[in-house]
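Notes for the one structure printed next.
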Amino acid sequence: MELKYKNFIKILDDIIKKSLDTLAGSREEVFNIAEGARNEYKRIEKEVEQLKIKILETIEQVEKLSKEEREARVRLAKVSRDFKKYNEEDIKKAYERANQIQIKLILKMEEEKQLRIRRDELERSLKNLLETINRAENLTSRLGAVMGYLEKGLCDLADNLKGIQEKQFVGIKIMQAQEEERKRVAREIHDGPAQVLANIIIRADICEKLLTAEDLEKAKEELRELKETVRQVLKEIRKIIYDLRPMALDDLGFIPALKRYVNQLQEEVDGDIDFVILGEEGNIPRHLDTILFRIVQEGLTNIKKHAGARNIKLKLEAGQEHINILIIDDGKGFNVEEVMAGHKITSGFGLTSMKERVELIGGKLEIDSKPGGGTKLFVRVPQSE
Numbered sequence: 001m002e003l004k005y006k007n008f009i010k011i012l013d014d015i016i017k018k019s020l021d022t023l024a025g026s027r028e029e030v031f032n033i034a035e036g037a038r039n040e041y042k043r044i045e046k047e048v049e050q051l052k053i054k055i056l057e058t059i060e061q062v063e064k065l066s067k068e069e070r071e072a073r074v075r076l077a078k079v080s081r082d083f084k085k086y087n088e089e090d091i092k093k094a095y096e097r098a099n100q101i102q103i104k105l106i107l108k109m110e111e112e113k114q115l116r117i118r119r120d121e122l123e124r125s126l127k128n129l130l131e132t133i134n135r136a137e138n139l140t141s142r143l144g145a146v147m148g149y150l151e152k153g154l155c156d157l158a159d160n161l162k163g164i165q166e167k168q169f170v171g172i173k174i175m176q177a178q179e180e181e182r183k184r185v186a187r188e189i190h191d192g193p194a195q196v197l198a199n200i201i202i203r204a205d206i207c208e209k210l211l212t213a214e215d216l217e218k219a220k221e222e223l224r225e226l227k228e229t230v231r232q233v234l235k236e237i238r239k240i241i242y243d244l245r246p247m248a249l250d251d252l253g254f255i256p257a258l259k260r261y262v263n264q265l266q267e268e269v270d271g272d273i274d275f276v277i278l279g280e281e282g283n284i285p286r287h288l289d290t291i292l293f294r295i296v297q298e299g300l301t302n303i304k305k306h307a308g309a310r311n312i313k314l315k316l317e318a319g320q321e322h323i324n325i326l327i328i329d330d331g332k333g334f335n336v337e338e339v340m341a342g343h344k345i346t347s348g349f350g351l352t353s354m355k356e357r358v359e360l361i362g363g364k365l366e367i368d369s370k371p372g373g374g375t376k377l378f379v380r381v382p383q384s385e
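Take a look at the structure:
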């Protein structure tokens with residue numbers, strides 16, 4: 001029996017390691033996508049500002065040429081009528097001048113039109129890039145949550161498996177979660193960020209060639225600024241990675257870490273957060289603190305991003321047999337069936353992931369919400385022996 005247990009622990013350790021390796025690779029891809037998207041966003045944003053200045057200059061030139069064209073037509077009409085004062089050569093010169101100004105005006109108006117078209121295209125690209133950056137950041141957060149759970153929750157679980165009857169079932173659930181995570185990450189990267197990043201690379205190459213052809217020194221300066229931007233973005237991304245891991249759990253404990261998180265979130269939202277704790281603060285098992293923290297974090301993050309709530313209530317009850325979490329907001333609400341079915345990608349992953357985590361530790365998740373009626377989220381998790 002002891003040998004079987006040791007073999008099972010080894011298998012579980014291998015599963016955890018493979019899961020972490022897979023998620024680490026996926027996270028690195030998302031980091032690269034976010035980095036490329038941020039760089040391209042800043043470059044296009046700068047180009048849009050330059051285009052706006054160019055458009056204003058072109059408009060002034062069009063207005064000036066329009067005035068000159070009107071004056072030239074008046075001059076031509078005057079010369080053409082007065083045969084006594086003006087000869088054929090004067091008429092010819094007046095006609096040629098009016099014609100030249102008219103051609104310049106037409107070309108300048110076309111230039112203005114093309115500049116406006118280009119500006120509109122770039123602004124659409126900025127919108128798409130911003131969506132890509134947001135999706136990449138959300139995906140990074142989700143991957144960090146999964147990795148945090150695997151690193152801590154499953155390792156702690158392995159230390160307590162002697163008294164568990166259904167070891168094989170737990171292993172299967174872990175492998176299923178790993179495979180589902182792989183599919184989900186692959187689908188997210190393939191459908192969105194990967195395609196946009198490929199387009200970014202092509203357009204960045206074209207931009208570099210155009211800049212080089214126009215002004216080599218300017219192109220070099222742009223590339224130097226781009227390198228500096230990349231360094232800054234990389235620094236920001238590393239900070240995001242650092243922030244994803246709730247280190248305060250190890251330093252302070254579950255309740256103080258949760259209080260700190262709620263206080264920080266209070267500064268970022270417009271509404272009020274009422275945090276209530278019932279029961280003994282030390283009655284939270286060590287192996288559950290990370291997953292419970294992530295559940296609360298996911299619930300409050302969804303409210304911050306999507307609900308537009310003015311009042312938020314968080315209630316944590318640590319009983320002898322169960323741990324209950326209740327999150328209530330008076331925000332916009334949503335159709336629960338649509339979100340859980342994946343029709344609304346914005347928050348569907350978060351709720352689905354939350355449900356899977358809760359079920360994996362034998363708990364249950366209940367969501368009560370409707371459009372315009374706020375949301376109530378209830379989680380009950382059993383206390384482990």
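Number 42 in the UniProt record's numbering belongs to position 42 of the sequence shown; there are no gaps in the numbering. Glycine included, every Cβ here is placed at the ideal spot set by N, Cα and C.
query: When the Cα atoms are used, what is the spatial distance from N263 to F275?
result: 10 Å
task: Scan the segment 244 to 330 and note each continuous alpha helix (DSSP H) run of 4 residues or more that stays entirely inside, going in chain order.
output: 248 to 252, 254 to 266, 289 to 302
query: Could you give the residue range of the beta strand (DSSP E) that holds P382?
result: 375 to 382
Nearest residue (CA-CA) to L126, options R310, I323, E47: E47
- prompt: Can Q61 and K108 be called in contact, C-beta distance under 7 Å?
  reply: yes
- request: Take T290 as the anchor and find which of V30, L326, M354 has the nearest alpha-carbon.
  value: M354
query: Using the rule of at least 16 other Cβ atoms within 10 Å of the residue's Cβ for burial, across every protein chain shown, is I53 buried or exposed?
result: exposed
query: What separation, rounded to the nearest whole angstrom, lies between the Cα atoms of V358 and G279?
result: 21 Å
Closest Cα partner of L326 within the set L258, N283, R380, L360: R380
Contacts around V336, its chain only, beta-carbon distance under 7 Å, and the 5 residues preceding and following it disregarded: I367, S369
- prompt: Cα separation between K67 and L56?
  reply: 17 Å
- prompt: Excluding the five sequence neighbours on either side, which residues of its own chain have a C-beta within less than 7 Å of the C-beta of A136, listed in chain order?
  reply: V30, I33, A34, A37, P193
field: Between the CA atoms of P256 and I283 - distance to the nearest angstrom
entry: In the sequence as presented, Ile is not what sits at residue 283; that position holds Asn. Between N283 and P256, the C-alpha separation is close to 13 Å.
message: Between the alpha carbons of K305 and F334, how many angstroms are there, rounded?
response: 13 Å
- prompt: Thinking just about the alpha-carbon of each residue, which of H322, G331, E317 is nearest to the one in T301?
  reply: G331
field: Pick from A94, P382, F378 that is closest to I361, judged by C-alpha positions
entry: P382
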